[in-house]
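These protein sequences, in sequence, are chains A and B.
full-length UniProt numbering applies: residue 1 is where the first sequence begins, and numbers increase by one.
full-length UniProt numbering applies: residue 1 is where the second sequence begins, and numbers increase by one.
Backbone N, C-alpha and C define an ideal beta-carbon position, used for all residues, glycine too.
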Amino acid sequence: MASVTLRNVQKRYGALNVLSAVDLAIADGEFIVLVGPSGCGKSTLLRMIAGLEDISAGEIRIGERLVNDVAPKDRDIAMVFQSYALYPHMDVAANMGFSLALRKAARQTIAERVAGAAGRLGLEALLARLPRQLSGGQRQRVAMGRAIVRDPQVFLFDEPLSNLDAKLRVHMRAEIKALHQSLKTTAIYVTHDQIEAMTMADRIVVMHDGVVQQVGAPLDLYDRPANAFVAGFIGSPAMNFLPARVWRAGDEAAVVLADGGTLAIDAALPVRDGDLVTLGVRPEHPRIAASGALAGEVAVVEPLGLSTQLYATLAGQQVCSLAMGRVAAAPGEPIRLTAEPGDLHLFQRETGQRIG
Amino acid sequence: MIAGRSRAKRRLAAAGLYAAVGLYVAFALFPLFWTFKISVTPQSLLYGEGITVWPSAATLDNYARVLRATDFPRYFLNSVVVSVTTAAIVTLVASAAGYSLSRFRFRGKAAVAFLLLLTQTFPLVMVIPPIYRLMGEIGLTNSLTGLIVIYTAFNVAFATFLMQSYFDGIPKDLEEAAMIDGCTRVEALRRVIVPLTLPGMGATLGFVFTAAWSELLFALMLINSENQKTFAVGLLTFIGKFAVDWGQMMAASVLALVPACLFFAFLQRYLVTGLTAGAVKG
Ligand SMILES: Nc1ncnc2c1ncn2[C@@H]1O[C@H](COP(=O)(O)OP(=O)(O)OP(=O)(O)O)[C@@H](O)[C@H]1O
Ligand SMILES: [Mg+2]
């Protein structure tokens, strides 16, 4: 087990800047999830940690050791690929034992370690099969088994669950998490699925266009997103965004929406009268109230049983509101909403940076 | 197999399918059969009986004469030496070149690929005179080594593309997984990639072997001494000034098929495709 430290890590392909100046300190035993939309550079970053991709600038340390110029095989890491990358000409046992065989481990040791990993993952009955004789889910397990047989310093996962069906994905998610809790090996996990990130991570790293947007515990990111991108990416259904202008007079402050609707905001926020902002509201926060300051019209009502999702047209925009239980409302009806100052997020209109 | 409403209809469809396949096989194999038929027809019956599917009497005399009374065994050996050596060298070179074209990015890669392709566009007759001069200069006319050099040069471009496409078909992830598991690039190549490329290498080996085995033009141009002839050139010795000895010529041809058949029988287990199945998701 080891910590992983990235300092000013960059990646360029010719003139194309794929990763700009990533700084990240991953503690020993931590489960870190890299998340972001397709093409943001998650895989590239992971592959640089693995040593499969050169580093254009900066340094990567595993434990105390600088590994910039260390070959993948000498970094003492294990990786689970999105495609699983099982060796097609070797049976499951040989696939799992390959790394130990390369290290000239004794036959007996290899057999024991493979049996141990197979036991953990329920693969005992499949050890003599070839990869092509396995289902997708079984292949995924073998790929996991191949990684844990090693007992490496760091686990790297590149979207290991994205080829599984939804149900199996949820199951494996919990299983990987449990595995990490018992092995306590540092893990870096790439996904584009924010729910996977929220449920598995000790800390999430949100990336966008090759830039780290925010690093933090799942609920910190949810409650205090550093910018509008993180706010919109984390959480499902996604946060509502409405353009607004700040109104300020003495000790009072509010935001005014496009249609003139007004919501009070925390007066301590560093905003001036007339500032252009983006108002962010999570779906669970708008409350339906006859005295609500925001007037709109119900567009769609989706009763889910446990909760109800209601879409309303407000200041010319669709706003999602999530309420527990049932809501008596029908499309076309007028509706009034309100929200507490403490539940509002404000972002600078221009830069998207969080104001508060 | 074939969706059909009733059993009878399905039977009919299957029968049609087999008839079509049978017809195709018969069409492809007919020249071979005819060659074989003439090789076992006694000289006396060849012109006497007219065109028959099978002669009224069959004999192995032609074979006996080819093997005992002509230089054919010598030609044969020459052909085996030239073809096997060429196939082995080309497969090794093409595998290395195909691997680097498939896996590495290097300066001038596009130019190399283009030049390789360009070599495939010259008509042979255009290059024969300069090659003849060249080989004469360096003393490689009338030698099997000369033939091996020429055949290697002419086959390596196509074989490289063939091998490249095989390497392209093997996911890069496999090598990378092996490198993380503890292999150097060379070890990953040897332990993971080569075993998976054996079908491709087998196909290339077979392709080049056949091309060299049946090559006539260069062999005819560059070889004139009796003991360096390959069998393709040797076949022409059956065409005399006044008559063609069809029986012996066909017997020699059938014999020439034997090594080619043996070679492919040996290769067959490597030619099985789908070896990479199961490497990735699915
Ligand atoms: N060899 C390359 N040459 C040029 N650009 C590349 C190369 N490899 C990757 N890129 C670019 O780098 C960026 C990051 O790619 P990367 O594979 O890391 O994305 P990702 O975040 O893993 O996306 P996904 O979720 O789709 O897997 C992409 O814009 C991609 O086009
Ligand atoms: Mg990726």
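Residue i Cβ short of 7 Å to ligand 2 heavy atom set
i: D273(A); result: no
i: D158(A); result: yes
Near ligand 1: residue i beta-carbon under 7 Å from a heavy atom
i: K42(A); result: yes
i: G58(A); result: no
i: residue 357(A); result: Outside the shown range of chain A (1 to 356) lies residue 357(A), about which nothing can therefore be said.
i: G36(A); result: yes
i: H192(A); result: yes
i: Y189(A); result: no
i: Y84(A); result: no
i: Y13(A); result: yes
i: G39(A); result: yes
Contact check, residue i vs residue j, beta carbons under 8 Å
i: L86(A); j: V142(A); result: yes
i: L156(A); j: M207(A); result: no
i: A238(A); j: E252(A); result: no
i: V281(A); j: L344(A); result: yes
i: L196(B); j: P88(A); result: yes
i: T204(B); j: T91(B); result: yes
i: V186(B); j: E175(B); result: no
i: L126(A); j: Q108(A); result: no
i: G234(B); j: D71(B); result: yes
i: Q133(A); j: Y84(A); result: no
i: N155(B); j: V208(B); result: yes
i: W247(A); j: A254(A); result: yes
i: N78(B); j: T230(B); result: yes
i: L24(A); j: V215(A); result: yes
i: S83(B); j: A219(B); result: no
i: M163(B); j: G98(B); result: yes
i: Q153(A); j: M1(A); result: yes
i: R349(A); j: P270(A); result: no
i: G145(A); j: A117(A); result: yes
i: residue 357(A); j: L183(A); result: Residue 357(A) falls outside the range modelled here, since chain A spans only 1 to 356, and no answer is possible.
i: L34(A); j: L46(A); result: yes
i: I204(A); j: A197(A); result: yes
For residue i, the residue or residues it bridges with in DSSP
i: V154(A); result: I77(A) and T186(A)
i: A21(A); result: Bridge partners of A21(A): none, in fact.
i: N227(A); result: Q353(A)
i: residue 357(A); result: For residue 357(A) there is no data in the structure shown, the boundaries of chain A being 1 and 356.
i: Q10(A); result: A57(A)
i: M207(A); result: V212(A)
i: E252(A); result: A249(A)
i: A244(A); result: L257(A) and V277(A)
i: R65(A); result: I62(A)
i: I26(A); result: V4(A)
i: T338(A); result: R287(A)
i: T191(A); result: V35(A)
i: L16(A); result: Y13(A)
Restricting to runs no shorter than 3 residues, where is the beta strand (DSSP E) found entirely within the region 254 to 324 of chain A? 262 to 264, 276 to 281, 294 to 303, 307 to 314 and 317 to 324
If you scan the region 187 to 252 of chain B from start to end, which runs of the alpha helix (DSSP H) of 4 or more residues do you find wholly inside it? 194 to 213, 217 to 222 and 231 to 235
Identify every run of the beta strand (DSSP E) within the region 115 to 168 of chain A, keeping only runs that are complete inside it and at least 3 residues long; order them along the chain. 154 to 158
Residue ranges of each alpha helix (DSSP H) run of no fewer than 4 residues wholly in the region 56 to 119 of chain B, ordered along the chain? 61 to 69, 72 to 103 and 109 to 119
Please list the segments of the alpha helix (DSSP H) lying wholly inside the region 89 to 118 of chain A, counting only runs of 4 or more residues, in order along the chain. 92 to 102
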